[in-house]
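Down below is the structure, laid out as structure tokens.
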Amino acid sequence: MTGSPRLSRALVALSGALLVLWLVLPLLPLVVWSLARGWRFPDLLPADWTLAAWAHVLLPGSGVIESLGVTLLVAALATLLAVLAGVPAGRALGLYRFRGKAVVETMILAPLIVPGIAVALGLHAVFLRLGLTNTLAGVVLVHLVPTLPYMTLVMAAVFANHDPGHEAQARCLGATPFQVFRHVTLPAILPGLVTGALFAFLVSSSQYVLTLMIGGGRVVTLPLILYAYAGAGRDDIASAIGLVSVLPGLLVLLLTARFLSGRHPDLRGLGPT
Amino acid sequence: MSDRLRIALLLAPAMTIIVLVFFGGLAVALLRSFNWMPVIGLTAPNLDAYRAVLADPAFLRSFALTLHIAVTSTLIATVIAVAAALLLRQRFAGRGVIGFLFQLNLTVPHVVGAIGILYLFSQSGFFARMAFRIGLIAGPGDFPALVFDPRAIGIILHYVWKEVPFIGLIVLAQMQAMGTDYESVARSLGASRWQAFRHVLLPLILPGVLAAGVIVLAFTFGAYEVPLLLGASHPQALPVLAYRTYTDVDLSARPEAIAMAVVIALVSALLIRVWLGLSRRRMRP
Amino acid sequence: MTRLTLSALGLTYPGAARPALDRLTLDLPGGGLTALLGPSGCGKTTVLKLVAGLLSPDTGDIAFDGRSVLSDRAETRGAVMVFQNALLFPHMTLAENVGFGLRMRGLPAAETAARVDAMLDLVRLPGLGRRRPSELSGGQQGRAALARALVVEPKVLLLDEPLANLDAHLRGEMRDLIRMVQKDLGITTVFVTHDQEEAVAIADRIALLIGGQLRQYDRPEAFYRRPADAGVAAFFGGRNILPGIVTDGVFDGPLGRLTLPAGFPSGPGLLTFRPETVRLGPAPLNTVEAVVTGRLYLGTLTRLTLALGETRIEAALAPDLAEAVAPGDTVTLNLPPASLWVMPT
């Protein structure tokens, strides 16, 4: 379009390469550390390599693989509840205009923005009284604070693009409400629902402060055990756990397989958490 | 069934959970910060906790530090994100790779990224080793303190790393929805590339950029785990200070801890207001 | 009055199998209004973007008054493009939109304001300068976009389907405005459209583009009476296209032997004639007998479909003449030699 296309193309390529480098850079030392048998100061690479950290992380007994199980269980339950409550709420917000809608939207948005620490300190007292602290149920419940609003907003966007005329047509043709849902509504919203649920799952599995506060160190999820090892200076094991923690996100991205940048409405709603 | 009833029923489960768990938690926090807990015999609400907190220089230093972390991270991340979105809008080899990395980056837990930053920038980290190898420093102690440092450089580096993709994807989506026609019009009418960006594209995407920035600002102001891992021991970021005070052996300090949490919530509530204002003003050409 | 010359202009979009534009050569006289006509996706908008400097051609050259402008950037080239959907900047008022180009050139505010006001008067939007684009009707937005382009006094004005998004009654009004302003200011104008009637109504000359290739460049009436080939004839709604052989000025085809006007070389060809040139009744030359297969009353005329063996032709007659004719009748028609035209096969 202008002056020297070769120069501007070179600039684009250079800044692109810098961006890629910056994006992957913080993850690289984790790969090295997870395979290192000690990695002392001036060495750019470890002198000795080992799979010991990975064995520690992946073999039962050390607690890491168990905490992965806890993480997945908590995330699965929180996601299930978020879907069950979020789909109807998303339908209300996506399909209807009603008085007080702006208030409802603000109330649903607020948990996504108000920092977890502010909620967690208040909830701790309530959950303590209800006997929910240090329990899996309590952690699942508190994980709804970020996952449910997220799921609701995703479903509101999905339903905003959904034409309820199809449902009315199906009713006219003799379908029961359940049949309408099963054969008309669900197939239409399923892609958005699945993508939203997968990302809600990720939101839950990377929670830290809510789990710490309500789980009280009894419900140990992956981010907690990762922090414990990092704090204890076990960089090899912490790195291996860190890489394991990246896997669910990678899997979800491959599952949803929509790498086109910026075209992922659900992901954009994921928020900075 | 009337629409009103239908809407109420559809919203009921989600709103019940959000009101009980989220607003319930906030409300209890608020009451406790006023020392009003009839169950344990505190029936005379007062502002003692806030008085104590606001008079505490440690709190004020933490507040200033946290504000510095949030504002600096958000500003740097926003500028880089807009530049990155401009870059990703063009066709070039490797654009898909960056798009994928942006999305992957969004899914990486903060703790993981923070550990990576630690391994890169600490005084015995990768860059310190490089500096030693090429003779810039004589030992780890000579390398500038980029993590655990009072200026929170490590924390800011992490947030920039994590939030550039978040803001970038939002801005990119907005640019793609808008297309390049407005800029073409501007160019055709005699605007240079810079003028077309400055006078046409930037004003059009600004509400979205600001909205994304406000979300990041609220998050970086209230996040706990990153300053916990990368922050200096003095001063501590506000969320870390609040948590430490709450879990202190001295239980009498709890109302003060909660008062700090309420301050954090108030700041974020303010930011929600701003965000809503911005998102309503977002233009739909 | 800038003369615009396109020489062997070619462009293939990255990844596309076929070129968007295939060696287009076109010479547009200064001060004229040329319609770039063709079906959608035939490369018309590409031509405008190339001339405006928003795209660079793979091959060929673009010249204003004989001087190549390919190395001029979009903002200094002097060719202003008006996009199909007005694209007023939503964050600016109408006056700010119209004054945009002058502001980019660093013109003093007072002079900008004066020229904007004059331009708003010209496009019949006086006093609306403080309105936001969202407060303007579709027709007003179109006129505003035109004003925004005209105020910078372009050498070449490029209009991309400026009537496409308007209601039928606004379309004629806008078309007349464009024609009037263009004539007054004498700006060389390229007008892209896919609507042949629109092109005929507004243009001095029409360039018909099909599949990225220039098929005919001529005065509007030529496309009806003297289409360059069967594709052109079909695009202009030609229904009667019949194969045959020309021998010494006589066309031998499915309608029998028809005498042609002078000038057609001998050899195989495609005969075409407009339905409205067909006459009822016998004549000394070119009389044809055919069976009426259908009759469609269209208000100002009646369309007859006729069969002659396997061959079908169409005639358009005044309704009162056609009234006497019913499907199933055998009628006598004549095709005046002057209305016949033979295209290469």
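Protein chains in written order, with this note's numbering: chain A, 1 to 273; chain B, 1001 to 1285; chain C, 2001 to 2345.
Don't be surprised by glycine CBs; every beta carbon is placed ideally from N, CA and C.
Spatially closest choice to residue i from the options, by CA coordinates
i               : options                               : result
L2088 (chain C) : B:A1152, B:E1183 and B:D1248          : B:E1183
L21 (chain A)   : B:L1101, B:I1134, B:I1170 and B:F1127 : B:L1101
Q1174 (chain B) : B:S1002, B:A1081 and B:E1256          : B:A1081
V2098 (chain C) : C:F2064, C:G2078, C:S2137 and C:G2142 : C:G2142
L2037 (chain C) : C:A2201, C:T2002, C:M2174 and C:L2177 : C:A2201
T71 (chain A)   : B:A1093, B:P1109 and B:Q1090          : B:P1109
L2317 (chain C) : C:G2309, C:D2329 and C:L2333          : C:L2333
G1024 (chain B) : A:L11, A:P111 and A:L51               : A:P111
R234 (chain A)  : A:P187, A:L27, A:L35 and A:A156       : A:L35
P2090 (chain C) : B:L1228, B:I1258 and B:P1203          : B:P1203
D218 (chain A)  : A:G138, A:L255, A:L254 and A:G249     : According to the sequence as given, residue 218 (chain A) is Arg; it is not Asp. It is A:G138 whose Cα lies nearest to the Cα of R218 (chain A).
A1077 (chain B) : B:L1047, B:G1168 and B:P1255          : B:G1168
L2270 (chain C) : C:L2296, C:D2248, C:V2250 and C:L2242 : C:L2242
L77 (chain A)   : A:V184, A:L148, A:G61 and A:V246      : A:L148
E2310 (chain C) : C:T2034, C:L2255 and C:M2092          : C:L2255
G90 (chain A)   : A:D48, A:T133, A:A157 and A:R99       : A:A157
Three-state class that DSSP yields for residue i in the structure shown
i               : result
G2294 (chain C) : strand
G2243 (chain C) : The sequence as given places Pro at residue 2243 (chain C); Gly does not occur at that position. Strand.
P2254 (chain C) : coil
R268 (chain A)  : In this predicted model, R268 (chain A) has a pLDDT of only 42, less than 50, meaning its place in the structure is not dependable; the value taken from the coordinates is given anyway. The answer is helix: DSSP assigns R268 (chain A) an H, G or I state.
A2315 (chain C) : strand
G262 (chain A)  : Note on G262 (chain A): pLDDT 40, under 50, position unreliable in the model; the coordinate value appears next. Coil at G262 (chain A), not helix or strand.
P2275 (chain C) : helix
R2205 (chain C) : strand
P2154 (chain C) : coil
M1283 (chain B) : Since pLDDT at M1283 (chain B) reaches only 44, below the 50 mark, its modelled position is unreliable, and the value read off the structure follows with that caveat. Looking at M1283 (chain B) - three-state DSSP - the assignment turns out to be coil, as it is neither helix nor strand.
T1043 (chain B) : coil
W1036 (chain B) : coil
E105 (chain A)  : helix
R6 (chain A)    : helix
P2268 (chain C) : strand
E2289 (chain C) : strand
L2037 (chain C) : strand
L1270 (chain B) : helix
V2342 (chain C) : strand
F2235 (chain C) : helix
W49 (chain A)   : strand
M1 (chain A)    : Note that M1 (chain A) scores 42 on pLDDT, short of 50, meaning its location in the model is unreliable; the coordinates nonetheless yield the value given after this. The answer is coil: DSSP assigns M1 (chain A) none of H, G, I, E or B.
Listed by chain order, chain A residues near residue i by CB distance under 8 Å
i               : result
E1225 (chain B) : Y208, V209, P223 and Y227
Contacts that residue i makes with chain A (C-beta to C-beta distance below 7 Å)
i               : result
G1024 (chain B) : V126
Within chain B, partners of residue i - CB distance below 8 Å
i               : result
L2054 (chain C) : S1184, R1187 and S1188
V2152 (chain C) : L1189 and G1190
Neighbour list for residue i in chain C, Cβ cutoff strictly below 9 Å
i               : result
V1082 (chain B) : Per Cβ cutoff of 9 Å: no residues; V1082 (chain B) is ~17 Å from chain C at best.
7 Å Cβ cut-off: residues of chain B touching residue i
i               : result
G2101 (chain C) : L1189 and G1190
R2148 (chain C) : L1189
Beta-carbon neighbours of residue i, restricted to chain A and to distances below 9 Å
i              : result
L981 (chain B) : No statement about residue 981 (chain B) is possible, as the shown extent of chain B runs from 1001 to 1285 and does not include it.
Within chain C, partners of residue i - CB distance below 8 Å
i               : result
V1200 (chain B) : F2089
Stretch-stretch touch, CB-based, cutoff 8 Å, three pairs: the segment 2333 to 2343 of chain C with the segment 2270 to 2280 of chain C: Enough Cβ pairs lie closer than 8 Å, so yes.
Positions along the segment 43 to 63 of chain A whose CB lies within less than 9 Å of some CB in chain B: The residues in question are D43 and L44.
Contact set between the segment 2066 to 2098 of chain C and chain B, restricted to residues whose Cβ is under 7 Å from the partner: Listed in sequence order: A2074, E2075, V2080, M2081, F2083, L2087, F2089, P2090 and H2091.
The segment 199 to 217 of chain A touching the segment 1069 to 1083 of chain B, judged by at least three CB pairs closer than 8 Å: Short answer: they don't touch.
Segment contact, 8 Å Cβ cut-off, at least three pairs: the segment 110 to 122 of chain A with the segment 50 to 57 of chain A: Judged by Cβ distances under 8 Å, the segment 110 to 122 of chain A makes no contact with the segment 50 to 57 of chain A, as fewer than three pairs qualify.
Contact the segment 1102 to 1121 of chain B vs the segment 206 to 226 of chain A: 3+ CB pairs below 8 Å: The segment 1102 to 1121 of chain B and the segment 206 to 226 of chain A touch, with no fewer than 3 CB-CB distances between them shorter than 8 Å.
Contact set between the segment 1051 to 1075 of chain B and chain A, restricted to residues whose Cβ is under 8 Å from the partner: Using a CB distance below 8 Å, no part of the segment 1051 to 1075 of chain B faces chain A.
Three-pair Cβ contact test at 8 Å for the segment 2018 to 2032 of chain C versus the segment 2042 to 2061 of chain C: Verdict: yes, contact present.
Contact list for the segment 1202 to 1223 of chain B against chain C, Cβ threshold 7 Å: P1203 and L1204: these are the residues of the segment 1202 to 1223 of chain B whose beta carbon lies less than 7 Å from some beta carbon of chain C, given in chain order.
Chain A contacts made by the segment 1104 to 1116 of chain B, where a contact means CB separation under 8 Å: Cβ contacts with chain A: L1104, N1105, L1106, T1107, V1108, P1109, H1110, V1111, V1112, G1113, I1115 and G1116.
Stretch-stretch touch, CB-based, cutoff 8 Å, three pairs: the segment 1178 to 1198 of chain B with the segment 2095 to 2112 of chain C: As far as the Cβ criterion goes, the segment 1178 to 1198 of chain B touches the segment 2095 to 2112 of chain C, which means the pair count is three or higher.
Cβ contact check for the segment 25 to 33 of chain A and the segment 237 to 244 of chain A: 3 or more pairs under 8 Å: The segment 25 to 33 of chain A, when compared against the segment 237 to 244 of chain A, does touch it at the 8 Å Cβ threshold.
Proximal residues, the segment 2099 to 2133 of chain C versus chain B, C-beta separation under 7 Å: Answer set for the segment 2099 to 2133 of chain C: F2100, G2101, M2104 and R2105.
The segment 2002 to 2015 of chain C contacting the segment 2163 to 2171 of chain C, beta-carbon criterion three pairs below 8 Å: At 8 Å Cβ cutoff, the stretches do not touch.
Three CB pairs or more closer than 8 Å across the segment 2197 to 2213 of chain C and the segment 2171 to 2179 of chain C: By the Cβ rule, the segment 2197 to 2213 of chain C counts as touching the segment 2171 to 2179 of chain C, because three or more pairs are nearer than 8 Å.
Positions along the segment 1257 to 1276 of chain B whose CB lies within less than 8 Å of some CB in chain F: Absence of chain F from the displayed structure is noted, the protein chains being A, B and C.
Residues within the segment 147 to 160 of chain A neighbouring chain B, beta-carbon criterion of under 9 Å: For the segment 147 to 160 of chain A, the beta-carbon criterion of a distance under 9 Å to any beta-carbon of chain B is satisfied by L148, P149, M151 and T152.
Inter-stretch contact (C-beta, 8 Å, three-pair minimum) for the segment 1110 to 1127 of chain B and the segment 1145 to 1159 of chain B: With the rule of 3 Cβ pairs closer than 8 Å, the segment 1110 to 1127 of chain B counts as touching the segment 1145 to 1159 of chain B.
Inter-stretch contact at 8 Å, needing at least 3 Cβ pairs: the segment 1014 to 1028 of chain B / the segment 88 to 105 of chain A: Yes, the segment 1014 to 1028 of chain B touches the segment 88 to 105 of chain A.
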